[in-house]
Amino acid sequence: MREQWVRVLATGSSVPETVLTNFDLEKMVETNDEWITTRTGIKERRIATSQETTATFALQAAKEALCRAGVSPEEVDLIIVATVTPDMLFPSTACLLQRDLKAKNACAFDLEAGCTGFVYALAVAEKYLRGGGGRVALVVGAETLSKIVDWQDRSTCVLFGDGAGAVVLGLGEEPGILATYLGSDGNGASLLELPAGGSRFPASFETITQRLHYIKMNGNEVFKFAVRVMEEASNEVIHRAGVNIDEVDTFIPHQANIRIIQSAAKRLGITEEKIFVNVHKYGNTSSASVPIALDEAVQEGRVRKGDLVLLVGFGAGLTWGSALIRW
Ligand code: UT7
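Just so we're aligned, residue 42 is where the sequence shown starts under my numbering, counting upward by one.
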């Protein structure tokens with residue numbers, strides 16, 4: 042028996058119960074529902090409580106995906122948690138997840154590639170399984186961005202939200218992940234960053250008073266970059282898999298801004314009905330965005346067996362990546 046493909050066995054997701062609407066934000070900063078809706082497509086986002094952490098949502102999403110896959114935690118060989126908001130700098134959130142799942146046979150690590158984190162982790166896990174590292178991988182994208190958002194900065198605080206999505210990967214004979222493609226350009230590092238808390242600016246009275254423990258972003262530059270690399274990453278993975286863009290059944294892009302999604306889709310010639318969008322409900326959940334969208338698309342019947350699914354992400358680093366999956 043030849044097992045040459047890595048397949049998605051099941052998906053799962055979890056978001057906080059607390060909803061923060063654009064109207065709620067109107068009371069917090071000088072903004073309005075009309076601006077946020079027309080510039081981003083976002084209507085509301087989910088926000089973690091002070092008790093909830095990234096690991097909280099990672100665990101719930103992972104449990105759901107494992108349950109749907111019919112896979113027990115002991116069968117998992119590899120756990121990757123993609124996140125820019127780990128519970129702590131170390132140990133990894135993946136190790137906290139490994140502990141809470143009792144996945145005693147798994148190795149576990151976090152992967153940080155900005156909002157492209159999940160697509161990066163998916164590509165790494167696929168190569169790991171194909172290379173003989175094991176039979177089952179759990180790949181999670183999980184974030185609590187509300188904890189690193191500057192709630193006094195209207196240019197960023199309206200954009201982000203919390204949640205997690207997960208996939209269980211396994212080896213199989215039928216086609217699954219057909220191709221992946223990853224890219225980076227550290228020259229754009231300063232366009233989207235969280236300056237303090239690392240070795241450059243360890244936490245100090247100054248870093249706190251200068252609000253350096255919060256997300257800083259050059260929105261306009263990131264916007265232009267995003268549209269360009271979404272097109273490039275989509276075309277590259279399509280090329281690598283030897284298929285045509287017209288064959289894609291569902292396009293699941295990183296949910297940062299409806300205008301970025303629509304511009305990229307237009308440049309690619311992907312029609313409206315093939316695009317999956319949930320940015321209006323959750324805002325930008327960084328690494329969690331693609332797997333939450335994928336899970337919702339599957340649960341809603343938008344992705345069916347045999348369909349060709351295109352995932353594409355972009356984010357801090359700068360990073361970008363894509364994956365083409367035969368479902
Ligand atoms: O996962 C990757 C993460 N990041 C992204 O994907 C973000 C990419 N960028 C974007 O999505 C857009 O650039 C934004 C949504 C962030 C901003 O949209 P924009 O159309 O590029 O607006 P802008 O930054 O050019 O701002 C236009 C105006 C400015 O006022 P002036 O200078 O024209 O008077 C801003 O001060 O809108 C103002 N503004 C706001 N007004 C009301 C900025 N934020 C707000 C706000 N409410 N929340």
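Note that CB positions come from ideal geometry on N, CA and C, so glycine has one too.
Which one of the options has the shortest CA to CA distance from residue i?
{"i": "isoleucine 218", "options": "Asp65, Arg367 and Lys68", "result": "Arg367"}
{"i": "glycine 158", "options": "Ile189, Ala207, Val199 and Asp118", "result": "Ala207"}
{"i": "asparagine 240", "options": "Arg308, Leu130, Gln139 and Phe150", "result": "The sequence shown places serine at residue 240, not asparagine. When only C-alpha atoms are compared, the closest one is Leu130."}
{"i": "glycine 82", "options": "Val339, Glu337 and Val320", "result": "Val320"}
{"i": "isoleucine 299", "options": "Ala267, Gly155, Ala282 and Asp290", "result": "Ala267"}
{"i": "alanine 147", "options": "Gly174, Val339 and Thr52", "result": "Gly174"}
{"i": "asparagine 228", "options": "Asp151, Gly358, Gly53 and Glu85", "result": "Gly358"}
{"i": "lysine 265", "options": "Thr248, Ala305, Gly342 and Ala230", "result": "Ala305"}
{"i": "tryptophan 46", "options": "Ala282, Pro216, Thr360 and Leu365", "result": "Pro216"}
{"i": "glycine 347", "options": "Gly362, Asp290 and Asn73", "result": "Asp290"}
{"i": "valine 160", "options": "Gly172, Val180, Val344 and Leu142", "result": "Val180"}
{"i": "alanine 178", "options": "Leu119, Leu152 and Ala89", "result": "Leu119"}
{"i": "glutamate 167", "options": "Arg48, Glu153, Thr248 and Ile302", "result": "Arg48"}
{"i": "serine 113", "options": "Lys143, Phe246, Phe201 and Gly238", "result": "Lys143"}
{"i": "glutamine 303", "options": "Tyr323, Ala282 and Arg269", "result": "Arg269"}
{"i": "tryptophan 76", "options": "Arg87, Arg86 and Phe64", "result": "Phe64"}
{"i": "aspartate 36", "options": "Ile189, Leu210 and Gly213", "result": "Not covered by the structure: residue 36. The range shown for the chain is 42 to 368."}
{"i": "arginine 176", "options": "Met271, Ala334 and Glu116", "result": "Glu116"}
Provide the residue span of the alpha helix (DSSP H) that contains residue i, from first to last.
{"i": "leucine 210", "result": "Where leucine 210 is concerned, there is no enclosing alpha helix (DSSP H), although the beta strand (DSSP E) it sits in stretches over 203-213."}
{"i": "leucine 309", "result": "299-309"}
{"i": "isoleucine 279", "result": "260-282"}
{"i": "alanine 162", "result": "158-171"}
{"i": "tyrosine 323", "result": "320-323"}
{"i": "phenylalanine 64", "result": "63-67"}
{"i": "tryptophan 76", "result": "74-81"}
{"i": "threonine 291", "result": "From DSSP, threonine 291 is part of no alpha helix (DSSP H) but of the beta strand (DSSP E) over 291-294."}
{"i": "serine 196", "result": "195-198"}
{"i": "isoleucine 249", "result": "246-250"}
What are the residues that DSSP puts in a beta bridge with residue i?
{"i": "cysteine 148", "result": "Leu119"}
{"i": "alanine 106", "result": "Answer is none; alanine 106 lacks a bridge partner."}
{"i": "lysine 257", "result": "Glu234"}
{"i": "arginine 87", "result": "Val60"}
{"i": "leucine 223", "result": "Gly362"}
{"i": "threonine 326", "result": "Threonine 326 pairs with nothing; no bridge assigned."}
{"i": "serine 113", "result": "Serine 113 pairs with nothing; no bridge assigned."}
{"i": "alanine 9", "result": "No statement about residue 9 is possible, as the shown extent of the chain runs from 42 to 368 and does not include it."}
{"i": "leucine 137", "result": "Looking at the DSSP assignment, leucine 137 forms no beta bridge with any residue, so it has no partner."}
{"i": "isoleucine 218", "result": "Ile366"}
{"i": "isoleucine 333", "result": "Isoleucine 333 is not bridged to any residue."}
{"i": "glycine 316", "result": "Position check: residue 316 holds isoleucine in this sequence, whereas glycine was assumed. In the DSSP output, where bridge partners are listed per residue, isoleucine 316 has Phe292."}
Which residues mark the beginning and the end of the beta strand (DSSP E) in which residue i is found?
{"i": "tryptophan 361", "result": "360-367"}
{"i": "leucine 50", "result": "46-55"}
{"i": "leucine 15", "result": "With the chain represented from 42 up to 368, any question about residue 15 goes unanswered, as that position is not in the structure."}
{"i": "phenylalanine 355", "result": "349-356"}
Do residue i and the ligand COA come close, with the Cβ less than 7 angstroms from some heavy atom?
{"i": "glycine 356", "result": "Looking at this structure, you won't find the ligand COA anywhere; what it does contain is the ligand UT7."}
Quick check on residue i: buried or exposed, where buried means 16 or more other Cβ atoms within 10 Å of its Cβ?
{"i": "tryptophan 192", "result": "exposed"}
{"i": "glycine 111", "result": "exposed"}
{"i": "proline 243", "result": "exposed"}
{"i": "aspartate 8", "result": "Residue 8 is absent from the structure shown; the chain starts at 42 and stops at 368."}
{"i": "methionine 69", "result": "exposed"}
{"i": "glutamine 251", "result": "exposed"}
{"i": "serine 55", "result": "buried"}
{"i": "glutamine 139", "result": "buried"}
{"i": "isoleucine 311", "result": "buried"}
{"i": "threonine 79", "result": "exposed"}
{"i": "arginine 345", "result": "exposed"}
{"i": "serine 275", "result": "buried"}
{"i": "cysteine 108", "result": "exposed"}
{"i": "glycine 342", "result": "exposed"}
{"i": "glutamate 313", "result": "exposed"}
{"i": "asparagine 73", "result": "exposed"}
{"i": "glutamate 105", "result": "buried"}
Counting pairs of Cβ atoms below 8 angstroms between the region 123-130 and the region 320-335, do you hit three or more?
By the criterion of at least three beta-carbon pairs nearer than 8 angstroms, the region 123-130 is in contact with the region 320-335.
Any 3 or more C-beta pairs closer than 8 angstroms across the region 84-103 and the region 181-188:
Because the criterion of three Cβ pairs below 8 angstroms is met, the region 84-103 and the region 181-188 touch.
The region 343-356 contacting the region 289-301, beta-carbon criterion three pairs below 8 angstroms
Contact holds: three or more Cβ-Cβ distances are below 8 angstroms.
Within the chosen definition, does the region 223-234 reach the region 244-259 through at least 3 CB pairs nearer than 8 angstroms?
Yes, since at least three Cβ pairs between the region 223-234 and the region 244-259 fall closer than 8 angstroms, the two stretches touch.
Would you call the region 50-63 and the region 79-93 in contact, with 3 or more CB pairs under 8 angstroms?
In short, these stretches touch, since the Cβ pair count reaches three.
Is the region 223-231 touching the region 283-293 in the sense that three or more CB pairs, one from each, lie closer than 8 angstroms?
The region 283-293 vs the region 223-231: no contact.
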